[in-house]
Each structure stands twice: as structure tokens, then as C-alpha cells.
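Residue numbers (the numbering used here): 1 to 68.
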């Protein structure tokens with residue numbers, strides 16, 4: 001199975017963006033071995049060492065890319 005890098009960002013609200021706020025990193029780059037990008041994203045969240053990932057799911061962006 002291939003290796004993936006996964007990160008989760010939270011986009012700012014419209015008001016926050018107008019005030020100059022940028023995306024917030026919710027889960028930094030995590031390396032995951034998985035069958036595909038979707039499986040890698042799910043594994044990264046479920047295997048996270050953080051107790052709870054707090055993010056507004058409507059503003060969440062999950063980035064998963066093959067390593068290398």
C-alpha cells in the first residue's frame with residue numbers, strides 16, 4: 001500500500017476572512033499507509049493522538065496526497 005501525507009485545515013468564516021484571518025491547521029502533516037486518499041484521510045483522523053479534533057465540518061478541508 002502507498003504512503004500518504006494528510007493534513008486538515010479549517011477555513012475562516014466570511015467575517016474572519018474580512019478581518020485578515022487565514023486558514024487554521026487543525027491536524028498537521030501526518031504520514032499514513034493506506035489504499036487510497038480517502039482511506040488515508042479517515043485513518044489520519046481516527047488514529048490521531050489528539051483526544052478530539054475540534055473543527056467546523058462545513059469549513060473543513062482535508063488534504064491527502066501520495067508521498068513522493
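Where is the CB? At the ideal position from N, CA and C, for every residue including glycine.
Check                                                                                                             : Outcome
Environment of residue 64 [buried if 16+ CB atoms lie within 10 Å]                                                : buried
Cβ distance (whole Å) where residue 59 is taken to contact residue 11 below 8 Å                                   : 4 Å
Outcome for residue 67 when other beta-carbon atoms lying within 10 angstroms are tallied against a minimum of 16 : exposed
Residue 43 versus residue 20: straight-line alpha-carbon distance, rounded                                        : 32 Å
Beta-carbon proximity check, residue 6 vs residue 26, cutoff 8 Å                                                  : no
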